[in-house]
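If you count the sequence shown from 1, you need to add 113 to reach the working numbering.
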Amino acid sequence: MRTFVLMLMMASLVSACAVGRKQEFDSARVDVSTTSQTINVAVLDHRPYVVSREKAESFTGLSRGGYGNPFDVNTKSGQPLANDMANALANSLRSKGASVNIVTLPPSTSDSVGMTKVATATGKGLLVLVSEWKSDKYLRTKLDFSLRVFVIDPNGRVVGESQVQGSDDLGSGISNMDTAPVASFGQKMQQLLTAPGVASQL
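Have a look at this one:
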């Protein structure tokens, strides 16, 4: 009986820790070099469950209670995940001396329209397409991701691109569910922006 009560208490504790989790994606930083003085940045959220409005644009993943029951995790800012990601990229590029403008695109925007919107006559456009981004925390934190970066010239043409996709095990720990996905975003953007076909065009 005592063991059963302890198990119930542990499950309740885990469930309490799972509710209301937030992730601060606009705090992520990417060490990236650029020779462009002006860059337009846009992040286009094409996650199918966001486009269909099944999930809010601020949705970042799931946190599971003691019985595996899922609770939505959202951005700490309350803003769309795309906005937070764009802010993180813009701040990183500004730290390298670039003048950065953020272009906000609703999830319903097509890839081609996004490329047109991000183009600028005075520099380069940087479009990040998010086809998947969802962390899932139970005993460990799993991250499913699919990101694609396009560098756009003043005429709206793609002059560089790179892509990463897959599923990562980000480890265990309660606090890990808040920080590990944010750190992973910074690392993946670093990988995308330092790819030869992209870095040479920025």
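In this text, a Cβ means the ideal position worked out from N, Cα and C, and glycines have one as well.
Determine the DSSP secondary structure at residue i, reduced to helix, strand or coil.
i      : result
Arg160 : coil
Pro309 : helix
Ser176 : strand
Gln314 : coil
Ala141 : coil
Asp266 : coil
Val271 : strand
Pro219 : coil
So, for residue i: in the same chain, excluding its five sequence neighbours on each side, which residues have a beta-carbon less than 6 Å away from its beta-carbon?
i      : result
Ala312 : none
Gln303 : Val143
Trp246 : Phe258
Would residue i and residue j qualify as a contact pair, given that the criterion is a beta-carbon distance under 8 Å?
i      : j      : result
His159 : Val231 : no
Phe258 : Gly279 : yes
Leu206 : Val145 : yes
Gly238 : Ile265 : yes
Gln276 : Leu256 : no
Ser248 : Gly174 : yes
Ala199 : Ile215 : yes
Between residue i and residue j, what straight-line distance do the alpha-carbon atoms span, to the nearest angstrom?
i      : j      : result
Leu315 : Asn204 : 15 Å
Thr222 : Tyr251 : 33 Å
Ala234 : Pro220 : 25 Å
Ala169 : Gln192 : 10 Å
Arg177 : Ala293 : 16 Å
Val271 : Ile152 : 14 Å
Gly273 : Phe263 : 6 Å
Leu305 : Glu167 : 28 Å
Ser225 : Pro267 : 14 Å
Using DSSP bridges, identify the partner residues of residue i.
i      : result
Phe258 : Trp246 and Gly279
Lys237 : Ile152
Gln136 : Thr188
Arg253 : Ser285
CB-CB under 8 Å to residue i, same chain, minus the five flanking residues each way: which ones, in chain order?
i      : result
Lys135 : Val186, Asn187, Thr188, Lys189 and Asp291
Val295 : Gln136, Glu137, Phe138, Ser140 and Ala141
By Cβ distance below 7 Å, which residues in the same chain neighbour residue i in space, the five residues on each side in sequence not counted?
i      : result
Gln150 : Ala211, Ser212 and Gly236
Gly227 : Ala155, Leu157, Leu218 and Leu240
Thr147 : Leu206, Lys209, Ala211 and Leu315
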